[in-house]
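Q:
Protein chains: 2
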Amino acid sequence: MRVEAAARAAGVALVWRPFLLGPLFAKQGWNDSPFNLYPVKGRYMWRDLERLCAAQGIPFRRPSVFPRSGLVAARVAARFAGEAWLPEFVRRVYQANFAEDREIAERSVVAELLESLGQPAAERLAAAETAEAKAALRAQTERAERLGIFGAPSFVVGDEIFWGNDRLEAALAWRAPARP
Amino acid sequence: MRVEAAARAAGVALVWRPFLLGPLFAKQGWNDSPFNLYPVKGRYMWRDLERLCAAQGIPFRRPSVFPRSGLVAARVAARFAGEAWLPEFVRRVYQANFAEDREIAERSVVAELLESLGQPAAERLAAAETAEAKAALRAQTERAERLGIFGAPSFVVGDEIFWGNDRLEAALAWRAPARP
Chain P
447 MRVEAAARAA GVALVWRPFL LGPLFAKQGW NDSPFNLYPV KGRYMWRDLE RLCAAQGIPF
507 RRPSVFPRSG LVAARVAARF AGEAWLPEFV RRVYQANFAE DREIAERSVV AELLESLGQP
567 AAERLAAAET AEAKAALRAQ TERAERLGIF GAPSFVVGDE IFWGNDRLEA ALAWRAPARP
Chain C
447 MRVEAAARAA GVALVWRPFL LGPLFAKQGW NDSPFNLYPV KGRYMWRDLE RLCAAQGIPF
507 RRPSVFPRSG LVAARVAARF AGEAWLPEFV RRVYQANFAE DREIAERSVV AELLESLGQP
567 AAERLAAAET AEAKAALRAQ TERAERLGIF GAPSFVVGDE IFWGNDRLEA ALAWRAPARP
């Protein structure tokens, strides 16, 4: 919700690299969200999210189904990562899932979100579901794995990874230390 | 390393409640540190720690053995939690492990740390190892479990839990919202 404005304020260029989280979780041995696999910690994490969103004035309602598949939305994001409307699309998908409890796994919901941005939904979805676009998302996910990414959001700055909303400021401030 | 100064600056009273992490990890299904169980994430966490300590000027060296048993030190901490010297003892134990790579599991090392604070080590260790003191630490650990604690440090403010160094400021600032 805040990476674009924060990067702009810091004068840092931002390149979106959408990837799928499920395959990265599977590599860690998690066949579900850690929120579900470790329910005591998961309960805390939901409460933490709730408090953070309240403090930042971001609407939040715990989804009645979790996790929902982000596959359709991720394909759109990967295919159109360079477009000016993409960041707002991503925010609307997150808001649909985490504030409005909508079924973002469904193509019809993703189509509606695209339309809300004035995008031709059928055309965009078709472009996002070609074999080439699917392969590009897979390649991006494999790249994330090679980089050592295990969660989202992750911010990559040079050789450094910063994981999570909590580390956004550190990522934006990062300057590689001078080597001896 | 910073909770005491931060609490004092915020005008918040601080009560130390030492507990054992191992039994709480076991309840989540972890038979080792998650840093070891999930090595990709663990690698990130070590790097994150290194960056955080560098930014705050706190000495850090990744321990050659991890995790080390904190049982002896935790017994001392639980037995003497109300003493004025205890917070500095805790800091020295962490520094011995995470900056000096010392074998804090050993009684002789804990004894040396006690002595460095002018405490009669043999006497303190004996008091920390009575059946009553051991039972008190077990009870404290069970209380942590009942509260929904799964990691350390955790800060308990009223009914709220805040987990981790990242949440210290939020814990100190927490005021329960007015109920309708």
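Protein sequences, first through last, are from chains P and C. The opening residue of the first sequence carries number 447 in this note's numbering; numbering runs sequentially from there. The opening residue of the second sequence carries number 447 in this note's numbering; numbering runs sequentially from there. Glycine residues also receive a C-beta, built at the ideal position from the N, C-alpha and C atoms.
Using CA atoms only, rank isn't needed, just tell me which of A472/P, K487/P, E606/P and S479/P is closest to A472/C.
A: K487/P
Q: At a Cβ threshold of 8 Å, is F596/P touching chain C?
A: yes
Q: What are the start and end residues of the alpha helix (DSSP H) that includes V539/C?
A: L532 to F544
Q: Who are W476/C's beta bridge partners in DSSP?
A: Its beta-bridge partners do not exist; DSSP assigns none.
Q: Ordered along the chain, which non-local residues of its own chain (more than five positions away) have a Cβ less than 7 Å from that of A453/C?
A: The residues are L460 and L618.
Q: At the level of alpha carbons, what is the spacing between A582/C and F481/P?
A: About 31 Å.
Q: Put V461/P into one of helix, strand or coil per three-state DSSP.
A: coil
Q: Using CA coordinates, which residue listed in F608/C, V522/C and R538/C is at the minimum distance from E578/C?
A: V522/C
Q: Please classify P464/C as buried or exposed, where buried requires at least 16 other C-beta atoms within 10 Å of its C-beta.
A: buried
Q: Compare the C-alpha of D605/C against each of N611/C, P599/C, I595/C and D612/C and name the closest.
A: I595/C
Q: Alpha carbon to alpha carbon, how far is V539/C from P505/C? Give it in angstroms, no decimals.
A: 13 Å
Q: Does any residue of chain C have a CB that is nearer than 8 Å to the CB of Y540/P?
A: no
Q: Quick check: is the beta carbon of I607/C nearer than 8 Å to any beta carbon in chain P?
A: yes
Q: Quick one: Cα of W531/P to Cα of V511/P, how far?
A: 27 Å
Q: For W492/P, which of helix, strand or coil comes out of DSSP?
A: helix
Q: Which first and last residues belong to the beta strand (DSSP E) in which S600/P is found?
A: Bounds of the beta strand (DSSP E) holding S600/P are S600 to V603.
Q: Could you give the C-beta distance for F601/C and R570/C, rounded to a whole number, given that I count them as a contact under 8 Å?
A: That belief does not hold up - the Cβ atoms of F601/C and R570/C are roughly 26 Å apart, past 8 Å.
Q: In three-state DSSP terms, what is F608/C?
A: strand
Q: Report all residues from its chain with a CB closer than 8 Å to the CB of E450/P; omit the five preceding and five following residues, and keep chain order.
A: Shown here for E450/P: same chain residues with a beta carbon closer than 8 Å to its own, the five before and five after excluded, namely L460 and P533 in chain order.
Q: Would you report the Cα separation of A524/C and A598/C, rounded to the nearest angstrom?
A: 15 Å
Q: Which residue's Cα is closest to the Cα of A574/C: L470/C, Y490/C, R507/C and A519/C?
A: A519/C
Q: How many Å lie between R592/C and R489/P at the Cα?
A: One Cα belongs to R592/C, the other to R489/P, and the distance between them is close to 13 Å.
Q: Counting only Cβ pairs nearer than 7 Å, list the residues of chain P close to D612/C.
A: D612
Q: For a cutoff of 8 Å on Cβ pairs, would you count R507/P as touching chain C?
A: no
Q: Any Cβ of chain P within less than 8 Å of the Cβ of V603/C?
A: no
Q: Which residues mark the beginning and the end of the alpha helix (DSSP H) in which S515/C is found?
A: From DSSP, S515/C is part of no alpha helix (DSSP H); its letter is neither H nor E.
Q: Tell me the rounded alpha-carbon separation between D478/P and L466/P.
A: 13 Å
Q: Taking only the alpha-carbon atoms, compute the straight-line gap between R537/P and R621/C and give it to the nearest angstrom.
A: Whole-angstrom Cα-Cα distance: 30 Å.
Q: Look at the Cβ atom of L517/C, then the Cβ atom of F535/C, and state whether they are nearer than 8 Å.
A: With contacts defined by Cβ atoms closer than 8 Å, L517/C and F535/C do not form a contacting pair.
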